[in-house]
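Peer 1: Taken in order, the sequence shown gives residues 225 to 603; the numbers are from my numbering.
By construction, the Cβ of each residue, glycine as well, lies at the ideal position given by its N, Cα and C atoms.
One structure follows; several queries about it will come next.
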Amino acid sequence: MSPLSWMAVVGLAATLGGISTCRAERFLVYVGTYTGPKSAGIHVVRFDTDTGKAGVPQLAAKSVNPTFLSVHPDGHHLYAANETDQWEGRPGGYVSAFAIDQDSGMLTAMNQQSTGGGGPCHLVTDRTGTAVLVANYGGGSVAGLPLRADGSLSPRTAFVQHTGSGPNKDRQSGPHAHSINLSPDGKFALVADLGTDRISIYRFEAKGASLKLQGEVAMPPGSGPRHLVFSPDGRRIFVISEMRSTLASFAWDAAPGSLAPLDSKSTLPPGFSGDSSTAEVAVHPNGRFVYGSNRGHDSIALFRAASDGKLELVENVSTGGKTPRNFALDPTGKFLWAANQDSDSVVIFTVDPESAHLTPTGQVLNIGSPVCVQFVPMK
225 MSPLSWMAVV GLAATLGGIS TCRAERFLVY VGTYTGPKSA GIHVVRFDTD
275 TGKAGVPQLA AKSVNPTFLS VHPDGHHLYA ANETDQWEGR PGGYVSAFAI
325 DQDSGMLTAM NQQSTGGGGP CHLVTDRTGT AVLVANYGGG SVAGLPLRAD
375 GSLSPRTAFV QHTGSGPNKD RQSGPHAHSI NLSPDGKFAL VADLGTDRIS
425 IYRFEAKGAS LKLQGEVAMP PGSGPRHLVF SPDGRRIFVI SEMRSTLASF
475 AWDAAPGSLA PLDSKSTLPP GFSGDSSTAE VAVHPNGRFV YGSNRGHDSI
525 ALFRAASDGK LELVENVSTG GKTPRNFALD PTGKFLWAAN QDSDSVVIFT
575 VDPESAHLTP TGQVLNIGSP VCVQFVPMK
């Protein structure tokens, strides 16, 4: 399958209403981890959405704390945010570029580049395959790195240092950029900053990987916005806040690149009184349901999202492990993989095409400290 073909397949799954029309596919599923006694880097698993069967995890490449992954639109390159505070003896973390062997699933290291800030924890590749954007959690900054024709990384050409703080002095004494996402048209980059309780909106130019601040939206004090996702139609965004365990919806106006608040709800079931924080957020391909992960309650929260942006918590489903970090829907919308960081497991669920309800398949993959899941269609 050509790069444009597989991009179209994924796009159909994300934009058409009702049951996903994306045909069954075979995927290479890459899992980023915190490295240590049970993991040495990025793992790969073969997965067939027709049979629903996953293969045995293999180490695809050694890498230090590759905690978030992003795939190039051509399906032949993968990028990892290496969550460290030093690179080649200098302060700050780095990004690694890998070439994907579609036959074996193994990754070949290409090169690395500094992100200019400590603890890079999230990154995204633009849809043209021209640039990679990175959020530095520890440094409270964002960076843009152009991509070369061969898929390798050029040195960063954009760097923006956030400033400010929040009311929680233990967690918000300074900025902590936790994620960076591109708008569907590729013209804007939205950054969730946990430390300052803000969503920063940047105008993005792929050529040169430039970032220019467009505006900012304040979140409730002490909420700690972490990740966000656009609805399939591009008219809404959903922001999950780590510290107050909430999911918020916003209207997105693509012309000026602006947000307007719509609703906010707790991701935890009524009556829960324990310690918990959120991590990831994802939208069902039909656009009518949103998922969020709870670490502590150790569940996936399922919300119904109305056309006016109103949210309704439908249920919480156990992830079958401890501390669900990232989770991901496969591009067909038929399966959800939940990465349980503190139980060293990735649990696979089926997704009901109408209700979006999750049902465990019984498949549990043993991977040390998994924190990110990315699907790559096999050619």
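The beta strand (DSSP E) that contains aspartate 477, what's its start and end?
Peer 2: As a working note, residue 477 is residue 253 in the sequence shown. Run containing aspartate 477: 470 to 477, per the beta strand (DSSP E) assignment.
Peer 1: Going by C-alpha distance, which of Tyr258, Ser287, Lys286, Glu249 is nearest aspartate 272?
Peer 2: Numbered from its first residue, the sequence shown carries residue 272 at position 48. Ranking the options by Cα distance to aspartate 272, first place goes to Glu249.
Peer 1: Can you list, in chain order, the residues of its chain whose CB lies under 6 Å from that of alanine 562, leaving out five sequence neighbours each side?
Peer 2: To locate residue 562, count along the sequence shown from 1; it is residue 338. Only Thr543, Pro548, Phe551, Val571 meet the Cβ criterion.
Peer 1: Please look up how many angstroms separate the CB atoms of arginine 427 and glutamine 438, rounded, as I've assumed it's under 8 Å.
Peer 2: Position 203 of the sequence shown holds residue 427. Position 214 of the sequence shown holds residue 438. The pair is a contact, with the Cβ atoms about 5 Å apart (cut-off 8 Å).
Peer 1: Less than 8 Å between the C-beta atoms of proline 391 and proline 445, yes or no?
Peer 2: As a first step, residue 391 is located in the sequence shown; it is residue number 167 there, counting from the start. As a first step, residue 445 is located in the sequence shown; it is residue number 221 there, counting from the start. Their beta carbons are under 8 Å apart, which means proline 391 touches proline 445 by this criterion.
Peer 1: Could you tell me which of Pro290, Ala472, Leu283, Met334 sits nearest to serine 328, measuring between CA atoms?
Peer 2: Within the sequence shown, the letter at position 104 stands for residue 328. The candidate whose alpha carbon is nearest that of serine 328 is Leu283.
Peer 1: On the DSSP bridge list, what partners appear for threonine 574?
Peer 2: Taking the first residue of the sequence shown as position 1, residue 574 is located at position 350. Answer by DSSP bridge pairing, in chain order: Phe559, Thr583.
Peer 1: Applying the 10 Å Cβ sphere with the 16-neighbour rule, what's the burial state of aspartate 554?
Peer 2: Taking the first residue of the sequence shown as 1, we reach residue 554 at position 330. Burial call: buried.
Peer 1: Where DSSP assigns a beta bridge to glycine 410, which residues make up the other side?
Peer 2: Taking the first residue of the sequence shown as position 1, residue 410 is located at position 186. Glycine 410 is not bridged to any residue.
Peer 1: Alpha carbon to alpha carbon, what distance is there between leucine 582 and serine 497?
Peer 2: Your numbering for residue 497 matches position 273 in the sequence shown. Your numbering for residue 582 matches position 358 in the sequence shown. Answer to the nearest angstrom: the Cα atoms are 24 Å apart.
Peer 1: Using three-state DSSP, classify aspartate 522 as helix, strand or coil.
Peer 2: Here the question's residue 522 lines up with position 298 in the sequence shown. Coil.
Peer 1: Identify the residues that DSSP records as bridge partners of glycine 368: which are they?
Peer 2: The residue labelled residue 368 in the question sits at position 144 within the sequence shown. DSSP lists Leu357, Ala382 as partners of glycine 368.
Peer 1: Is the beta carbon of valine 505 closer than 8 Å to that of valine 453?
Peer 2: Within the sequence shown, numbered from 1, the residue matching residue 453 stands at position 229. Within the sequence shown, numbered from 1, the residue matching residue 505 stands at position 281. Yes, the Cβ-Cβ distance between valine 453 and valine 505 is below 8 Å.
Peer 1: Are serine 263 and alanine 321 closer than 8 Å when you measure CB to CB?
Peer 2: Translated into positions along the sequence shown, residue 263 becomes position 39. Translated into positions along the sequence shown, residue 321 becomes position 97. No, these two residues do not count as a Cβ contact at 8 Å.
Peer 1: So, at 8 Å on beta carbons, what are the nonlocal neighbours of arginine 460 in its own chain, with the 5 sequence-adjacent residues on each side left out?
Peer 2: Start at 1 with the first residue of the sequence shown, and residue 460 comes out as number 236. Around arginine 460: Phe454, Ser473, Phe474, Ala475, Trp476, Leu486, Ala529, Gly533.
Peer 1: Could you tell me the alpha carbon to alpha carbon distance between glycine 516 and serine 490, rounded to whole angstroms?
Peer 2: Taking the first residue of the sequence shown as 1, we reach residue 516 at position 292. Taking the first residue of the sequence shown as 1, we reach residue 490 at position 266. Each residue's alpha carbon lies about 10 Å from the other.
Peer 1: Buried or exposed for glutamine 199, going by 16 or more other Cβ atoms inside 10 Å?
Peer 2: Summary: the structure shown does not reach residue 199, with the chain confined to residues 225 through 603, and so no result is reported for it.
Peer 1: What does DSSP give as the partner residue(s) for glutamate 307 in the beta ladder?
Peer 2: By one-based count along the sequence shown, residue 307 stands at place 83. DSSP lists no partner for glutamate 307.
Peer 1: Could you check the C-alpha separation between cysteine 246 and aspartate 350 for me, to the nearest Å?
Peer 2: Translated into the one-based positions of the sequence shown, residue 246 becomes position 22. Translated into the one-based positions of the sequence shown, residue 350 becomes position 126. Since pLDDT at cysteine 246 reaches only 49, below the 50 mark, its modelled position is unreliable, and the value read off the structure follows with that caveat. Rounded to whole angstroms, cysteine 246 to aspartate 350 spans 22 Å at the Cα level.
Peer 1: Rounded C-beta distance between valine 356 and leucine 369? I'm assuming under 8 Å.
Peer 2: Here residue 356 refers to the residue found at position 132 when the sequence shown is read from its first residue. Here residue 369 refers to the residue found at position 145 when the sequence shown is read from its first residue. About 5 Å; that satisfies the 8 Å criterion.
Peer 1: Cutting at 7 Å between CB atoms, please list the residues of its own chain near aspartate 409, excluding the five before and the five after it.
Peer 2: The residue given as residue 409 occupies position 185 in the sequence shown. Ala478, listed in sequence order.
Peer 1: Leucine 331 lies in the beta strand (DSSP E); which residues open and close that run?
Peer 2: The residue given as residue 331 occupies position 107 in the sequence shown. Residues 331 to 338.
Peer 1: Thinking C-beta only, is proline 601 closer than 8 Å to glycine 299?
Peer 2: One-based indexing of the sequence shown puts residue 299 at position 75. One-based indexing of the sequence shown puts residue 601 at position 377. Going by C-beta atoms, glycine 299 is nearer than 8 Å to proline 601.
Peer 1: Out of Thr257, Asn335, Leu471, Pro344, which one is the CA nearest neighbour of phenylalanine 383?
Peer 2: Working through the sequence shown from its first residue, we reach residue 383 at position 159. Out of Thr257, Asn335, Leu471, Pro344, Pro344 has the C-alpha closest to the C-alpha of phenylalanine 383.
Peer 1: Which residue comes first and which comes last in the beta strand (DSSP E) that contains serine 501?
Peer 2: Position 277 of the sequence shown, counted from the first residue, corresponds to residue 501. 501 to 507 is the extent of the beta strand (DSSP E) around serine 501.
Peer 1: Helix, strand or coil for aspartate 566, going by three-state DSSP, please let me know.
Peer 2: Position 342 of the sequence shown, counting from 1, holds the residue named residue 566. Helix.
Peer 1: My understanding is that histidine 451 touches histidine 402, with C-beta atoms under 8 Å, so please give their C-beta distance in whole angstroms.
Peer 2: Here residue 451 corresponds to residue number 227 of the sequence shown, with the count starting at 1. Here residue 402 corresponds to residue number 178 of the sequence shown, with the count starting at 1. Rounded, the Cβ-Cβ distance is 7 Å, consistent with contact.
Peer 1: Answer yes or no: do valine 269 and valine 253 have a C-beta to C-beta separation smaller than 8 Å?
Peer 2: Here residue 269 corresponds to residue number 45 of the sequence shown, with the count starting at 1. Here residue 253 corresponds to residue number 29 of the sequence shown, with the count starting at 1. Cβ atoms of valine 269 and valine 253: closer than 8 Å.
Peer 1: Taking the straight line between their C-alpha atoms, what separation do you get for tryptophan 230 and alanine 373?
Peer 2: In the sequence shown, counting from the first residue as 1, residue 230 sits at position 6. In the sequence shown, counting from the first residue as 1, residue 373 sits at position 149. With a pLDDT of 36 at tryptophan 230, under the threshold of 50, the predicted position of this residue should be treated as unreliable, though the coordinate-derived value follows. Between tryptophan 230 and alanine 373, the C-alpha separation is close to 20 Å.
Peer 1: Compare the Cα-Cα distances from aspartate 417 to each of Asp325, Asp457, Tyr303, Pro399 and report the closest residue.
Peer 2: As a working note, residue 417 is residue 193 in the sequence shown. Answer by Cα proximity: Pro399.
Peer 1: Using C-beta distances below 6 Å, list every residue in its chain close to proline 493, excluding the 5 sequence neighbours before and after it, in chain order.
Peer 2: Within the sequence shown, residue 493 is the residue found at index 269, counting from 1. Closer than 6 Å at the Cβ level, and outside the excluded window around proline 493, lie Asn540.
Peer 1: For the candidate residues Lys546, Lys603, Glu578, whose alpha-carbon lies nearest to that of valine 595?
Peer 2: Reading the sequence shown from its first residue, position 371 is the one you call residue 595. Considering only alpha carbons, the answer is Lys546.
Peer 1: Does DSSP classify arginine 351 as helix, strand or coil?
Peer 2: Working through the sequence shown from its first residue, we reach residue 351 at position 127. Correct three-state label for arginine 351: coil.
Peer 1: May I ask you to report which of helix, strand or coil DSSP gives tyrosine 258?
Peer 2: Residue mapping note: residue 258 aligns to position 34 of the sequence shown, counting from 1. Looking at tyrosine 258 - three-state DSSP - the assignment turns out to be coil, as it is neither helix nor strand.
Peer 1: At which residues does the beta strand (DSSP E) containing lysine 286 begin and terminate?
Peer 2: As a first step, residue 286 is located in the sequence shown; it is residue number 62 there, counting from the start. Run containing lysine 286: 282 to 286, per the beta strand (DSSP E) assignment.
Peer 1: If you drop the 5 nearest sequence neighbours on each side, which residues of the same chain put their C-beta closer than 6 Å to that of glutamate 440?
Peer 2: If you number the sequence shown from 1, residue 440 lands on position 216. Taken in chain order, the residues that qualify are Arg422, Ser424.
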